[in-house]
Amino acid sequence: MTSSTLNMNDLDSVQPNRPPRLVSGENFEDWKRCLKAFFYYTDYNQWESIVNGPHVPTTVEGTVTSTNTNPSTFTEADIRLLDRDKKALGALILCLHQDIFNRFAEHTTAKSLYDALCEFYDGNEDLKLDRKAQAEKEFNSFVGYSQENLTDITNRFLSVSSNLKKYDDKLGNHEQVAKLLDSLPPQWSLQIKLLKQERNFPDYKLMDVINKLKSFDLDVKRREYNQSMMCCI
């Protein structure tokens with residue numbers, strides 16, 4: 406695997422003691438979600454260090470609060486939070502490919518490192534708009550092919566729609582259902598017609614529709630199997 410791609414195998418095999426690897430900026434949004442899930446599962450306090458920044462010990466004398474730089478006077482809470490911050494930074498560094506780490510090595514807190522990664526790989530508003538436009542194009546041009554089975558078609562569709570929802574949180578269920586059904590090959594015309602005639606069809610969620618289609622598909626395969634067995638008798 407080259408450094409120009411995200412190590413998807415690492416994303417697929419995230420383990421409690423193994424944070425997801427970031428090899429490059431491709432699929433950065435996927436990596437961010439996996440990273441957040443990793444910290445949610447292992448230690449949510451470390452994720453708070455990334456989001457809110459490191460703990461700064463303080464001392465209070467009268468009405469004056471100042472930064473405490475004397476480790477010998479740190480409280481137990483200070484020590485615990487500082488340890489959390491170090492672990493959060495360490496875990497984040499372990500995620501990074503060597504080339505990426507070298508690019509961001511000057512960052513000494515988990516928050517500053519994470520913010521720098523987001524700024525670099527998420528891009529500016531123009532780049533985000535370009536990515537959204539590309540995702541919309543992929544969604545609008547999606548089509549299922551006759552030589553594909555239903556599972557392949559729906560898996561591709563879910564991937565495309567999920568990618569668009571990263572940039573457009575207004576993508577609704579009705580729009581996704583309509584697009585999927587319109588994209589199915591001609592041999593699905595009868596099943597689609599029957600599905601739309603069901604009384605509760607307007608209330609079906611996308612996964613309801615996919616499961617209905619799978620049920621149709623299994624029924625057809627079962628009938629074909631029974632016919633083939635009859636021919637063998």
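For the sequence shown, our numbering begins at 406 and goes up steadily by one. All residues carry an ideal CB built from backbone N, CA and C; glycine is no exception. All values derive from a computational prediction rather than experimental measurement.
Check each candidate in the options and name the one with the smallest Cα separation from residue i.
| i | options | result |
| --- | --- | --- |
| T464 | Y445, I597, T474, G458 | T474 |
| K617 | S429, A515, T556 | T556 |
| S566 | Q552, T514, D527, A583 | A583 |
| E543 | I597, S588, K516 | S588 |
| T472 | F479, P462, F443, T478 | P462 |
| E456 | Y526, L563, R489 | According to the sequence shown, residue 456 is Val rather than Glu. It is R489 whose Cα lies nearest to the Cα of V456. |
| N545 | L585, R508, T559, E530 | L585 |
| L486 | L497, H460, T559, G528 | H460 |
| K516 | L497, I505, F506, D527 | L497 |
| Q552 | Q592, F444, E524 | Q592 |
| K491 | T480, I505, L518, N568 | L518 |
| C500 | P424, F509, L623, N432 | P424 |
| L611 | E530, L576, D520 | L576 |
| N422 | G430, T447, L623, V614 | T447 |
| K570 | T513, K598, K537 | K537 |
| P502 | E603, E431, H579, L600 | Per the sequence shown, the amino acid found at residue 502 is His instead of Pro. Answer by Cα proximity: E431. |
| K626 | S594, S564, N554 | N554 |
| R508 | I597, L623, S429, E603 | S429 |
| Y609 | E434, H579, C439 | H579 |
| Q581 | S594, K598, F547 | F547 |
Take the Cβ of residue i as the centre, count every other Cβ of all protein chains shown within 10 Å, and call the residue buried at 16 or more, exposed below.
| i | result |
| --- | --- |
| Y449 | exposed |
| I484 | exposed |
| T468 | exposed |
| A493 | buried |
| C523 | exposed |
| N568 | buried |
| F525 | exposed |
| G549 | buried |
| A540 | buried |
For residue i, name the three-state secondary structure that DSSP assigns.
| i | result |
| --- | --- |
| S551 | coil |
| V565 | helix |
| H480 | In the sequence as presented, His is not what sits at residue 480; that position holds Thr. Looking at T480 - three-state DSSP - the assignment turns out to be coil, as it is neither helix nor strand. |
| M406 | In this prediction, M406 scores a pLDDT of 35, lower than 50, which makes its location untrustworthy; no coordinate-derived value is stated. |
| S429 | coil |
| N414 | Any reading at N414 needs caution, since the residue's pLDDT is 47, under 50, leaving its predicted position unreliable; the model's value is listed next. Looking at N414 - three-state DSSP - the assignment turns out to be helix. |
| T472 | strand |
Looking at the secondary structure, which residues open and close the beta strand (DSSP E) in which residue i lies?
| i | result |
| --- | --- |
| V465 | 463–466 |
Rounded to the nearest angstrom, how far is the Cβ of residue i from that of residue j, given a contact under 8 Å?
| i | j | result |
| --- | --- | --- |
| T559 | I505 | Incorrect: roughly 34 Å between the Cβ atoms, too far for contact. |
| Q596 | F621 | 4 Å |
| F433 | D527 | 7 Å |
Counting along the chain, where does the alpha helix (DSSP H) carrying residue i start and finish?
| i | result |
| --- | --- |
| Q503 | 503–508 |
| D573 | Premise fails: D573 is in no alpha helix (DSSP H) and is neither H nor E. |
| L534 | 530–545 |
| E511 | Careful: E511 lies outside any alpha helix (DSSP H) and carries neither H nor E. |
| N422 | No alpha helix (DSSP H) contains N422, which DSSP labels as neither H nor E. |
| K610 | Premise fails: K610 is in no alpha helix (DSSP H) and is neither H nor E. |
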